[in-house]
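These notes concern the structure reproduced below.
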Amino acid sequence: MPARLRSHLRFFLVSMIVLLLVAPLPTFVVGASESTRQDSPLLTADLVAALASSRDDDVLPVVVQFPEGTSPAEMQRSVLQSGASVEIRHAFELIPMVSLYVRASQVSLLTGTHNVVTISLDRKVQIETGLADMDSQFVPSDTGNGYVHFTEQLGVKGLWDEGYNGSGQVIAILDSGVDSDHPDLSAKLIGFQDYINDLSDMESADGVDSYDDNGHGTACAWSAVGDGSANGGNYTGVAPGGQLLAIKVLDNEGSGDDSVIAQGVEFAWQNGADVISLSLGGDWIDDPTYDEPSVAACERAVEEGVAVVVASGNSGPAAFTVNSPGVVEEVITVGASLGDTGVVAFSSVGPVMRTSTEPLGYSPKPDVVAPGFGVMSGRSISSSTLEYPVYNQTQFGTFYTLWSGTSASTPMIGGVILLLKQKHLDLTPMEAKVAMMESATDFGLDPMVQGYGLVNATRASALLTSSGRAITLMAPMRFPTLPWSSEVLIVGDDRPPQNITIMSTHTLGTVTIEVSGNASQFITTTETTLNVAAGYGHFGIALEIPDDMPQSAVGNYQGNLTLMDGSTEIASVEIRFAVTLFGGRLMTDMEHHDSTDVDDPSYYGYFSEYLRERGVILSEFGDPDDFTTTPIDTTTIAGADVFMIMDTETYYTENEVESLHSFVAEGGTLIVLSEFYDSGTETASYAIDSYNRILEPFGIQCERRGIGVGPGNTGQVYGASEGGAVEADPLMIGVSDLYILQGSTLSVNSSVPGTRGLFWQDAAKQHAIVATAQYGEGKVFVISDGSTLYDDVLYDAIQLGADNLQLLKNLAVQIAFTAPRIYDVQMETGRYGDLANVTAYVFDDDLESVTIDIRGPANQSLGGTVTESLGYKYETSFPYESSGFYSITVVARDAAGHERVFRKAVLIPVDVIEDTFVQTVVISLLGMVAICLVYVGYQKYIVGRVHRVRRRPEPEEDEWELPPPSIE
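Counting along the sequence shown from 1, when you hit position 863 you're at 862 in numbering that gives the first Met the number 0, and nothing is skipped either side.
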């Protein structure tokens, strides 16, 4: 190539490199109109998702939010001026929002609306469905024998005796409507607003004509103000003298748009309601740029002086299940109690977690509970007998039902507020709320389950009188709370910070926060002083057990977090926890769950708590939603003392099955809970073939034989009194009956040494429900119904007199480990040439020896003398010389001859090598780049000039010539 051509090419290449280095990358816009439509920051994520799946002509329900203070007329004008073709449903007075219908293709035009804050999809909410499938054994009988009405359990008689029945007070029931033909409600109605079918009747002079095409609203209304006309006045709502404003916001299926719920709240406020009751809810969107209409409306209604009561939901017993708008701090969120004895397992559980809106963090909910299981209420003539079965027809006709749910509990609290407002004139929502909370009956349960407990109307009234309505409290009433156990491990365990909410009816000024008791050494708060005004205040609390605590620190810790005004105690929170030794690790197989049917460990909180009382912690093996698989082998489950397989659906490989056999043989404990086998379809709801391969050496097999199918999707009770048999065994102490909900049975080969059936469905002992086996150094426990673990099934079992809870208590004891337990093995490295440290945390009552074998990347033996400290911490060290894989094996032996082996592989990557080496490499590379740049510059500016002054040679015949440069 000619020299001049080479020069031009060098110039071109250098120019291109410089351009690539300094020029910004181009942004390509594909489908600009679609991007504008879906990517505007004004659109919420749910609306964007809806647009992505919609056709252009699909009509969407949308809510447009404006700044505070924007009038309804201004909002309507702005929407209409956007150019979008819309049907405005409602422009709110209470909140700065407009609800409307718009075609998907027109949504982008709304983003140009003047002063708009956000545009969101109008979500659906549902009734908190009543749970009516109740066996006759644990609901009141048709004769009423044994039935205790909820008015007795709520302590309203004292106020009734004083002459207060809610007269002159109005409760708005926002629901599916109210049956105005019900004798107990017809005289209560002062108006009916229908947002579903537009059949409103707000003229009460000639009686209000209303309907309920679902039945839910009538049952709610009766619990609040039913006067008992159809039963001789023996059974009534809480405030039988109160008046009823029925607002239909839900259709016949119990569903409605969130903006319509907000309309109902606004209508109730506009029409003078004293209390608004909402037995409905849905998932909550925690978005700082967007307020759900019902959430915003509830907040504003309380600000305007209307008390709002909301059902917590029926999604318990898992934590974080409180529904919206029950998450609103200012409303009174109501859970469901079992009469005056405890809380129903289905009642939704807090805390409420806020990641974007104030107050950030974990906040307490619910606030209180009221009876919500098997309670009597009014029945609409159009109600389904399946959902609302007729109660005591021989005496009362078809006017009453029995139902369950937080929906039943919520209007009861609304009725209590009517009584309090009648007696205590101008009672504010805050005064009513804190009085009911402070005077409630404490069940001693977790505050995220019960709030402050069961409301007592008479005590709340007495507190308002004695305090002069000057009441301050803090929530939660105890700490720590769910979803974290009150059992903390000695090995540096902690609890994440939670919010303490201060509720005060009056201004206190500056107060101090004090922590007392032996628990105080582990408690920190975000504030030590606080200015308390009337309303809500917050600060944080955390519990942290430091590393390297001596074994002598094990024990119970108690104390109080106190709000002090000088030397006067204003309010307090009880602190109670226990520091325990590590008792072992139960690893639950999540890897083999189908991603559509995951049995989350949060479903079995009771069992988890029994384990934590013994220092046993739960961990999860694998993730069904992860695209990568984690196979079971001796390394991946090395940290488990117990491995639990519960209702898994996917196949186990031969290597996995063999690894489980080795795990048990070497001293591990295996728990297997099978599930339902449908004899009709000849299908199992779990991986039955894999289970039988796993259980084969132990002499136990899952039978293709389903049990536990009762009427109405209920289960059945089995035991000696039902034709079965129970063996004498520590696992069966106190267990005579078990409630099974769609399970199966087991075959047990008793000729296999150490294998026994313990609980038999039949007296002939052919079909077991519980079996156990000894295999090598380990144990196996098999239960033929995975739902035995579930908290909600445990509740049903208790109601039927079955002993499922005792079985789980016994199981937690029986899996307690006599062999050494290894909490963790850690390896710390520094720079090359320094000592690397390996630490093993080993627990045992009679530990005799601990060895730590370390193999380096070249399989060389490393490590030195093992030293002990704190009673459980064992350490060794070695000179750190290279990166790569290190294999660590810890062997712990006790005086009884038990041995525990823990294996761990640690990869030390190259990026932790000597910093100076990294710096040297980087500087060398930069130097090379600089030299190259100097060379290129030399070629361009020095050599290039020489070339330009030379005479241009004549081209040879076979040589081609570059054209002169030109400007395009």
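Just so it is clear, CB atoms sit at the ideal spot from N, CA and C, and this is done for glycine as well.
Check	Outcome
Contact check, G862 vs T875, beta carbons under 7 Å	yes
Residues bridged to V274 [DSSP beta-bridge criterion]	I170 and A306
Beta-carbon proximity list for F662, same chain, < 8 Å, skipping 5 on both sides	T633, I636, A639, F642, L669 and G777
The region 483 to 500 / the region 352 to 368 touching (three or more Cβ pairs under 8 Å)	yes
Counterpart residues of D677 in DSSP-defined beta bridges	T682
Cβ distance (whole Å) where A532 is taken to contact T506 below 8 Å	5 Å
Inter-stretch contact (C-beta, 8 Å, three-pair minimum) for the region 567 to 579 and the region 511 to 522	yes
Beta-carbon proximity list for D121, same chain, < 7 Å, skipping 5 on both sides	P60, V61, V62, S98, D256, D257 and S258
Whether A261 touches S209 by CB criterion (7 Å)	no
Chain-order list of residues whose beta-carbon lies under 8 Å from that of A267 (same chain, five-residue window excluded)	A171, L173, L244, I246, I275, A300 and V305
Contacts around Y789, its chain only, beta-carbon distance under 7 Å, and the 5 residues preceding and following it disregarded	Y602 and Y603
Neighbourhood of A775 by C-beta, 8 Å cutoff - its chain only, sequence neighbours within 5 removed	Before going on, a small fix: residue 775 reads as Gly here, not Ala. Excluding positions up to five away in sequence, the list reads V663, A664, E665 and G666.
First and last residue of the uninterrupted beta strand (DSSP E) at M74	Unbroken run through M74 is the alpha helix (DSSP H), P71 to Q80; no beta strand (DSSP E).
Run of the beta strand (DSSP E) containing P496, from where it starts to where it stops	D493 to S503
C-alpha distance - I699 paired with G742, whole-angstrom precision	16 Å
Boundaries (first-last residue) of the beta strand (DSSP E) holding W221	Segment H215 to V224 is the alpha helix (DSSP H) holding W221; no beta strand (DSSP E) there.
Extent of the continuous beta strand (DSSP E) to which N233 belongs	Counting along the chain, N233 falls outside any beta strand (DSSP E), and DSSP gives it neither H nor E.
First through last residue of the alpha helix (DSSP H) which encompasses T464	A456 to S466
Cβ neighbour criterion (16 or more within 10 Å) applied to Y650	exposed
Simplified DSSP assignment, three categories, for V792	helix
The region 387 to 394 touching the region 424 to 442, judged by at least three CB pairs closer than 8 Å	no
Span of the beta strand (DSSP E), counted from its first residue to its last, around I670	T668 to L672
Nearest candidate by alpha-carbon position, reference E695, set N270, T150, S403 and S746	S746
Span separating the alpha-carbon of M586 from that of L580	18 Å
Same chain, Cβ closer than 6 Å to Q152, five either side skipped, listed in chain order	G338, D339 and P370
Contiguous alpha helix (DSSP H) assignments of at least 4 residues, all confined to the region 79 to 111	106 to 109
Residue burial classification, L610 (beta-carbon count within 10 angstroms, cutoff 16)	buried
Segment contact flag, the region 318 to 327 with the region 271 to 285, C-beta cutoff 8 Å, min 3 pairs	yes
In DSSP terms, what W402 is bridged to	V374
Integer-rounded CB distance, given that A220 should sit under 8 Å from V177	5 Å
Cβ-based neighbour list, G536, same chain, cut-off 7 Å, excluding 5 preceding and 5 following	I501 and L529
Stretch-stretch touch, CB-based, cutoff 8 Å, three pairs: the region 149 to 169 with the region 448 to 461	yes
Buried or exposed (CB count within 10 angstroms, at least 16 for buried), G315	buried
Residue nearest to A894 in terms of C-alpha spacing, selected from M731, F675, A818 and D286	A818
Spatial neighbours of I616 in its chain, beta-carbon cut-off 6 Å, leaving aside the 5 residues before and after	R584
DSSP state of N559 mapped onto helix, strand, coil	strand
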